[in-house]
Amino acid sequence: MESDPQRIARGLRQRDIVVLEALVEQYQYRLVRYLVSLLGRRDGVDDIVQEIWLRVLERGGSYDGRSRFEPWFFRVARNIAVDAMRKRPMLSLDSNDEEGGRSSPVSGEPSPYTLAARTQDAERLAHSLQSLEPVYREALVLRFQEDLSLQEISVIVAAPVSTVASRIYRGLATLRPQFEGETA
Amino acid sequence: MNIDHHKSFQRMIDESLAGAISAEREQSLREHLYTCAPCKEYLGASNRVIAGLGGFSFEVNPTLNARVLAALRPQAEPTRKILEHHPGTRRQHNLQFRKWVALAVALSMSVIGSELVYQVAKHLGVPMHFDTAQVQAAVLVFWLLPSFCSALCLLAAPGVKRGIV
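Chains as they are written, first to last, in this note's numbering: chain H, 29 to 212; chain Y, 13 to 177.
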């Protein structure tokens, strides 16, 4: 019987619009969330989303269906986002610079994290998340929101597993003080 | 317990959350957490960060999906129609099938042709005083082997050159 990745791979190979519709439905929100983590802003994301889906259609034949779809998909998304950032230098993520690449929200506007916070804990994290370097934010989102393994994340970000792990540790270390001293 | 001791277990908590810990170390961490309040607090704060990350809900423009699909359709459909007429995968399967059929036909013709040539050569060989062994050797060298090699070449040659696609 055909597995989900194989079905997706076949659909992409055949440029099947029904499969694409299902993928857009399933991944759109997750894609937007991932892009916000990379860009640190909400504006401009929709254009990049459209470009990413066109690239998925164009390059779909290269997904072989032997591994999960997510790493391939987020890798494509990341490449487009990095290209977009090169064209509009809001931040530099492509350099994988651990110290650089801080996102720059438009002055006076609330950050996308402040606008998107739906719980008290999220509200407390919003500011720290906005000021966190994108590579750490990205690692946290991929690990704890997308539930991807370190190996899968390393494929997406094109960095060694040890680097991905240390980004997760550092991301957690930056955000953890918000809640320290409150839990038993 | 000293600070370094806690730090090593807190490092293990990070590894556990990242999915980078061995089963052995995870077990040792669990045992430690039963008795260590600071490390339990560290784990609690880490879990709140992770839960907090799930507390964001980004609004997706309600027209975005429609816009994306409108951009995808023209790109997907024409190609799909072409593929429906000349689908790559079906073509691959057809090619494989035809290749083996062609080989089977070629081999059969080679064997049947050899038999016919042998019969003819045997009749022609009598007035020329060739014995059966000589006729068989001639058929083998000049007919059976070349035709067999031709059949194998058919298997190895690209489909387009064979005119079977």
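Note that CB positions come from ideal geometry on N, CA and C, so glycine has one too. These numbers were taken from a predicted model, which means no experiment stands behind them.
Quick check on the burial criterion: 16 or more other C-beta atoms within 10 angstroms. Buried or exposed for Phe97 of chain H?
Translated into positions along the first sequence, residue 97 of chain H becomes position 69. Result: buried.
Report the residue ranges of all alpha helix (DSSP H) runs contained in full by the stretch 35-59 of chain Y; include only those spanning at least 4 residues, in chain order.
Listed in chain order, the alpha helix (DSSP H) elements of length 4 or more contained wholly in the stretch 35-59 of chain Y are 35-47.
Can you pull the chain H neighbours of Glu89 of chain Y, defined as C-beta to C-beta under 7 Å?
On the second sequence, residue 89 of chain Y is found 77 positions in, with the first residue counted as 1. Against chain H, a Cβ distance below 7 Å from Glu89 of chain Y picks out Ile45.
Reference Ser182 of chain H, options H:Val192, H:Gln173, H:Glu174, closest by Cα
Taking the first sequence and counting its residues from 1, the one referred to as residue 182 of chain H is at position 154. Here the closest residue by C-alpha is H:Val192.
Residues of chain Y with CB under 7 Å from Phe207 of chain H, in chain order?
Your numbering for residue 207 of chain H matches position 179 in the first sequence. Under the 7 Å cutoff, chain Y gives Ala57, Arg60, Val61.
Can you tell me the Cβ-Cβ gap for Arg43 of chain H and Leu85 of chain H, rounded? I've got them flagged as a contact below 8 Å.
Start at 1 with the first residue of the first sequence, and residue 43 of chain H comes out as number 15. Start at 1 with the first residue of the first sequence, and residue 85 of chain H comes out as number 57. Their Cβ separation, rounded to whole angstroms, is 6 Å, which keeps Arg43 of chain H and Leu85 of chain H in contact under 8 Å.
Using 7 Å as the limit for Cβ to Cβ distance, is Val19 of chain H near chain Y?
A query on residue 19 of chain H cannot be resolved here, the shown segment of chain H reaching from 29 to 212 and no further.
Sorted by chain position, which residues of the same chain lie with C-beta nearer than 7 Å to Tyr202 of chain Y's C-beta, five sequence neighbours on each side aside?
Because chain Y is modelled from 13 through 177, residue 202 of chain Y falls outside the range shown and cannot be assessed.
Could you check the C-alpha separation between Val77 of chain H and Ser28 of chain Y for me, to the nearest Å?
Taking the first residue of the first sequence as position 1, residue 77 of chain H is located at position 49. Taking the first residue of the second sequence as position 1, residue 28 of chain Y is located at position 16. Distance between the alpha carbons of Val77 of chain H and Ser28 of chain Y: 33 Å.
Does Ala82 of chain Y come out as helix, strand or coil in the three-state DSSP assignment?
Taking the first residue of the second sequence as 1, we reach residue 82 of chain Y at position 70. Taken through DSSP and simplified to helix, strand or coil, Ala82 of chain Y comes out as helix.
Name, please, each residue of chain Y whose Cβ falls closer than 7 Å to the Cβ of Ala193 of chain H.
Locating residue 193 of chain H in the first sequence gives position 165, where the first residue counts as 1. Proximity of chain Y to Ala193 of chain H at the Cβ level (cut-off 7 Å) is accounted for by Ala30, Ala32, in chain order.
Quick check: the stretch 69-82 of chain Y against the stretch 39-58 of chain Y, are at least 3 beta-carbon pairs closer than 8 Å?
When Cβ pairs closer than 8 Å are counted between the two stretches, the stretch 39-58 of chain Y is seen not to touch the stretch 69-82 of chain Y, the count staying below three.
Figure out for me which residue from Y:Ala163, Y:Ala149, Y:Gly64 has the closest Cα to the Cα of Val117 of chain Y.
Counting from one through the second sequence, the residue named residue 117 of chain Y turns up at place 105. Taking only the C-alpha atoms, the option nearest Val117 of chain Y is Y:Ala163.
Tell me whether Arg195 of chain H sits in a helix, a strand or coil according to DSSP, three-state version.
The count along the first sequence starts at 1 and reaches residue 195 of chain H at position 167. Helix.
7 Å is my cut-off, CB to CB: does Trp100 of chain H come that close to chain Y?
Residue numbering aside, residue 100 of chain H sits at position 72 when the first sequence is read from its first letter. No, Trp100 of chain H does not count as interfacial toward chain Y.
Can you tell me the Cα-Cα spacing of Arg195 of chain H and Leu115 of chain Y, whole angstroms?
The sequence position of residue 195 of chain H within the first sequence is 167, counting from 1. The sequence position of residue 115 of chain Y within the second sequence is 103, counting from 1. Taking the straight line from one Cα to the other gives about 58 Å.
Gln34 of chain H to Arg171 of chain H, Cα distance in whole Å?
Position 6 of the first sequence, counted from the start, is the residue given in the question as residue 34 of chain H. Position 143 of the first sequence, counted from the start, is the residue given in the question as residue 171 of chain H. Rounded to whole angstroms, Gln34 of chain H to Arg171 of chain H spans 24 Å at the Cα level.
Quick check: the Cα distance between Ala37 of chain H and Gly88 of chain H, rounded to an integer number of angstroms?
In the first sequence, counting from the first residue as 1, residue 37 of chain H sits at position 9. In the first sequence, counting from the first residue as 1, residue 88 of chain H sits at position 60. Each residue's alpha carbon lies about 7 Å from the other.
When the Cα of Ser95 of chain H is compared with those of H:Leu168, H:Ser65, H:Ile184, which residue comes out closest?
Along the first sequence, read from residue 1 onward, the residue named residue 95 of chain H stands at position 67. Nearest of H:Leu168, H:Ser65, H:Ile184 to Ser95 of chain H, Cα basis: H:Ile184.
My assumption, with CB atoms under 8 Å, is that Val129 of chain Y sits in contact with Val153 of chain Y. Please give the rounded CB distance.
The count along the second sequence starts at 1 and reaches residue 129 of chain Y at position 117. The count along the second sequence starts at 1 and reaches residue 153 of chain Y at position 141. At roughly 12 Å, the Cβ-Cβ gap does not stay under 8 Å, so Val129 of chain Y and Val153 of chain Y are not in contact.
Have a look at Ile108 of chain H and Asp75 of chain H and give me their C-alpha separation to the nearest angstrom.
Here the question's residue 108 of chain H lines up with position 80 in the first sequence. Here the question's residue 75 of chain H lines up with position 47 in the first sequence. Each residue's Cα considered, the two are about 11 Å apart.
Distance, Pro158 of chain Y Cα to Glu49 of chain H Cα
Your numbering for residue 49 of chain H matches position 21 in the first sequence. Your numbering for residue 158 of chain Y matches position 146 in the second sequence. A direct Cα-Cα distance of roughly 55 Å separates Glu49 of chain H from Pro158 of chain Y.
Cutting at 6 Å between CB atoms, please list the residues of its own chain near Pro99 of chain H, excluding the five before and the five after it.
On the first sequence, position 71 is the one that residue 99 of chain H refers to. Here the set comprises Glu180, Val183, Ile184.
Would Ser122 of chain Y and Phe160 of chain Y be called neighbours here (beta carbons separated by less than 7 Å)?
The count along the second sequence starts at 1 and reaches residue 122 of chain Y at position 110. The count along the second sequence starts at 1 and reaches residue 160 of chain Y at position 148. At the C-beta level, Ser122 of chain Y and Phe160 of chain Y come within 7 Å of one another.
Have a look at Glu127 of chain H and Thr202 of chain H and give me their C-alpha separation to the nearest angstrom.
Translated into positions along the first sequence, residue 127 of chain H becomes position 99. Translated into positions along the first sequence, residue 202 of chain H becomes position 174. Caution is warranted here: a pLDDT of 45 is assigned to Glu127 of chain H, below 50, making its placement in the model unreliable, and the coordinate value is therefore given only provisionally. If you take the alpha carbons of Glu127 of chain H and Thr202 of chain H, they lie about 13 Å apart.
If distances are taken between C-alpha atoms only, which option among H:Tyr55, H:Gly39, H:Leu66 comes closest to Leu157 of chain H?
By one-based count along the first sequence, residue 157 of chain H stands at place 129. Ranking the options by Cα distance to Leu157 of chain H, first place goes to H:Leu66.
Please tell me whether Ser90 of chain H has its Cβ less than 7 Å away from any Cβ of chain Y.
As a position in the first sequence, residue 90 of chain H is number 62, starting the count at 1. For Ser90 of chain H, not one C-beta of chain Y is nearer than 7 Å to its own C-beta.
Who are the neighbours of Glu174 of chain H on chain Y, taking C-beta pairs under 8 Å?
By 1-based counting over the first sequence, the position of residue 174 of chain H is 146. Per Cβ cutoff of 8 Å: no residues; Glu174 of chain H is ~11 Å from chain Y at best.
According to DSSP, is Ala145 of chain H helix, strand or coil?
Your numbering for residue 145 of chain H matches position 117 in the first sequence. If DSSP states are grouped into helix, strand and coil, Ala145 of chain H belongs with the strands.
Under a three-way DSSP split, which group does Phe70 of chain Y fall into?
In the second sequence, the residue the question calls residue 70 of chain Y occupies position 58. Of the three classes helix, strand and coil, the one that applies to Phe70 of chain Y here is coil, per DSSP.
Is the CB of Phe70 of chain Y under 7 Å away from at least one CB in chain H?
As a first step, residue 70 of chain Y must be located in the second sequence, where it is residue number 58. Under the Cβ distance rule, Phe70 of chain Y counts among the residues neighbouring chain H, one pair being separated by less than 7 Å.
Member of H:Gly68, H:Ile80, H:Leu63, H:Met29 whose CA lies at the smallest distance from the CA of Leu51 of chain H:
For the purposes of this step, residue 51 of chain H is identified with residue 23 of the first sequence, where counting begins at 1. If we check each option's Cα against that of Leu51 of chain H, H:Ile80 comes out closest.
Could you tell me if Ser123 of chain H is buried or exposed, where buried requires 16 or more neighbouring beta carbons within 10 angstroms of its beta carbon?
What you label residue 123 of chain H is simply residue 95 of the first sequence in a count that begins at 1. The pLDDT assigned to Ser123 of chain H is 49, lower than 50, so where the model puts this residue is not dependable; a value taken from the coordinates is nonetheless given after this. The residue in question, Ser123 of chain H, is exposed, as its Cβ has fewer than 16 Cβ neighbours within 10 Å.
Reducing DSSP to helix, strand and coil, say where Phe142 of chain Y ends up.
The residue you call residue 142 of chain Y lines up with position 130 of the second sequence. The three-state reading of DSSP puts Phe142 of chain Y in coil, since its state is none of H, G, I, E or B.
At the level of alpha carbons, what is the spacing between Glu89 of chain Y and Leu81 of chain Y?
Along the second sequence, read from residue 1 onward, the residue named residue 89 of chain Y stands at position 77. Along the second sequence, read from residue 1 onward, the residue named residue 81 of chain Y stands at position 69. Taking C-alpha positions only, Glu89 of chain Y is separated from Leu81 of chain Y by approximately 11 Å.
For chain H, is any of its Cβ atoms less than 7 Å away from the one on Val123 of chain Y?
Taking the first residue of the second sequence as position 1, residue 123 of chain Y is located at position 111. Not an interface residue.
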